[in-house]
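To start, the structure under review is shown below, and the notes come after it.
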Ligand code: 6GU
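Structure, rendered in C-alpha cells:
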C-alpha cells in the first residue's frame, strides 16, 4: 500500500512512521508512506500555507494553492483509491473502516488545521471525510497518525504470528481481549491466574473467552455512563 500525507506540520508524523511496527512495514516494502510538506508548495518569501477566513472569525484556514499543487502533482503521477480529509466532522473511524481501508492500494490523507481547509479543496479532491472521535484536536496530523497505525498493521505480512490482528479486541466474537500477563508469575503479591500457568490450552481458551465477555459487559456499562 502507498500512503501520501499532505501536512503543514510534517514533523508531527515522524515518530509514527519511523518507529516500531510501521517502520518495519515500510522497510519490508509492505507500506510506502510519503509525507509532503505543504510549505514546499507555498508561495512567497514566507511560504504561507494558511490565512484568516473570509467573513471573519477566529483561527486560520489552510490556503487552497499549496494543497492544489501538491494534489495535482500526485494525481499526475498515479491514480489513488481514496482521498481522505481528516476532520472532526467526518465519519467516525472504527475497526470496520480500518479493515476496508487496509485493502486499498493507494491513499492520500490531507491534514488540516483545526479551523479547517479551504472548501474548494474538499469539493475538488476529497472522496471521504474521517474523524477519529468526538473531540477536537489542534490539527489533523495526530488523527493521521492514528489512522495510519490502525490501517497499516492490518496489511498482510506487517504483523508476525504473535502480534496477529485476528485475535485483536474488536475482531474477536465478544469484541474484547482477555486480560494478559507476562513474567513474573507473582509480583508485589499479585498472582497470575492459575489457569494460564497449567498449560491446558482448552481451559485457557475457555477462560479467555469468559474474561473477554466479562470485560465487554463492564466496558459497555462504562460507555453508556459516558454518553
Ligand atoms: Cl480528524 N481532526 C481534528 N482536528 N480534530 C479531530 C479529528 C480530526 N478527529 C477528531 N477530532
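Numbering (our numbering), first residue to last: 4 to 230.
We put the beta carbon where it would ideally sit given N, CA and C, even for glycine.
The model shown is predicted, which means the values in this text are computed figures rather than measured ones.
In the DSSP assignment, find the beta strand (DSSP E) that holds residue i and state where it starts and stops.
i	result
residue 75	It is not in any beta strand (DSSP E) - residue 75 instead sits in the alpha helix (DSSP H) that spans 67-80.
residue 33	Looking at the DSSP string, residue 33 is not in any beta strand (DSSP E), and its letter there is neither H nor E.
residue 93	85-95
residue 108	That residue, residue 108, is in no beta strand (DSSP E); it is neither H nor E in DSSP.
residue 133	131-134
What's the C-alpha gap between residue i and residue j?
i	j	result
residue 27	residue 108	18 angstroms
residue 4	residue 90	23 angstroms
residue 210	residue 151	33 angstroms
residue 149	residue 204	34 angstroms
residue 123	residue 162	39 angstroms
residue 146	residue 48	30 angstroms
residue 70	residue 169	37 angstroms
residue 50	residue 43	8 angstroms
residue 167	residue 23	15 angstroms
residue 138	residue 201	45 angstroms
residue 78	residue 39	14 angstroms
Please classify residue i as buried or exposed, where buried requires at least 16 neighbouring CB atoms within 10 angstroms.
i	result
residue 104	buried
residue 159	exposed
residue 222	exposed
residue 155	buried
residue 19	buried
residue 190	exposed
Just to confirm the assignment, what range does the alpha helix (DSSP H) spanning residue i have?
i	result
residue 20	17-21
residue 227	204-228
residue 152	143-155
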